[in-house]
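Student: One rule links them: number in my numbering = place in the sequence shown (from 1) + 38.
Built from N, CA and C at the ideal position, the CB exists for glycine as well.
Note that the structure is predicted; figures quoted are calculated from it, not measured.
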Amino acid sequence: MQDPDFEPPVNPLPPIVILTFLAIAGVEAGLSLGEAGIIGGPGAVGWRLELIRDYGFSGQIFDWMQANGRWPLAEVVRVFTYPFIHLGFTHSLFAMVLLLALGKMVAEVMGPLTYALIFVLSGAGGAVIYGLLLNDPMWLVGAYPNAYGLIGGYTFVMWRQLAGTGAQQYRAFTLIAFLMGIQLVWGVFFDVGTQWVAELFGFILGFALCFVMAPGEWGRIVEALRRR
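#1: Our contact map puts L155 next to F95 with C-beta atoms below 8 Å; I'd like the distance itself, whole angstroms only.
#2: For the structure I just gave you, are there three or more beta carbon pairs, one from the stretch 182-198 and one from the stretch 236-249, closer than 8 Å?
#3: Taking 9 Å as the CB-CB cut-off, is G164 touching chain D?
#4: Contact between the stretch 139-150 and the stretch 116-125 is defined here as three or more beta-carbon pairs at a separation below 8 Å; is this criterion met?
#5: Measuring straight from C-alpha to C-alpha, what distance separates F127 and V83?
#6: Which residues does DSSP list as the beta-bridge partners of F95?
#7: Counting only the same chain and skipping the five closest in sequence on each side, list residues whose C-beta sits under 6 Å from that of S130.
#8: In angstroms, rounded to a whole number, what distance separates the CA positions of P150 and P80?
#9: CA-CA distance, A165 and I54?
#10: Taking A133 as the reference, which of F216, G68, Y186 has the closest Cα?
#11: If you follow the alpha helix (DSSP H) that W234 is part of, which residue opens it and which one closes it?
#12: What three-state label does DSSP hand V55 in the structure shown?
#13: On the DSSP letters alone, give me the boundaries of the alpha helix (DSSP H) that P110 sits inside.
#14: Does DSSP put N267 in a helix, in a strand, or in coil?
#15: Look at the alpha carbon of A139 and the alpha carbon of L217, and state the distance between them as a whole number of angstroms.
#16: Does the Cβ-Cβ distance between G97 and P183 come in under 9 Å?
#17: Taking only three categories from DSSP, how would you classify L137?
#18: Within 10 angstroms of the Cβ of Y208, are there 16 or more other Cβ atoms? Answer buried if so, exposed if not.
#19: Consult DSSP for L89 and reduce its assignment to one of helix, strand or coil.
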């Protein structure tokens, strides 16, 4: 029998968060081992570039689809596959840390389905807006827009909690303001690229989706419409 007073040293993660983490970690493990020469032979060195080419998001391909009115599935699916490919181990590590920290809270508070929808839709939406607003030839890869969507979910939870206690709700946006501030300062000294556009809109989409997907929020909307 399990001791009812036993508390695990590490809080268990929701299965949906573990599944997402393993998908990202598994791809990165294979690529890193290939680059280290442990698996795959000499050809493994080029696996990462091949995956980026085949499954990363390209603004130029997106522009071509728009201009020609053609949306082949093999190209459209890129908005869902690019988060699982990273530029290197460190690039993937920070994404996975954000995923575990924020995904746990979002999944526990809002449920696994809401977590999955925020993760998928904020990443896909961030890529689409990135393609619409910019004409950047750089490939978009990495789970950061998705992670920023989870930051949006976290911000929504804090925003509601602060409203319930009568505190100033703007404090809920401290984390995203801090992260965007770091990007701004970093950009003064280094070329950080334009991926922050996808990340910012990933956050906005994640926050906005909570108004209809967070527990009880749809009921709030219906009640507000009835009062009009």
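Tutor: Judging by the given coordinates:
#1: L155 to F95, Cβ: 19 Å. No contact.
#2: yes
#3: The structure shown contains no chain D; it is built from a single protein chain.
#4: no
#5: 14 Å
#6: L178
#7: E66, H124
#8: 40 Å
#9: 22 Å
#10: Y186
#11: 233-251
#12: helix
#13: Element bounds for P110: n/a, residue is neither H nor E.
#14: Since the first residue of the chain shown is 39 and the last is 266, residue 267 is not available in this structure.
#15: 15 Å
#16: no
#17: helix
#18: exposed
#19: helix
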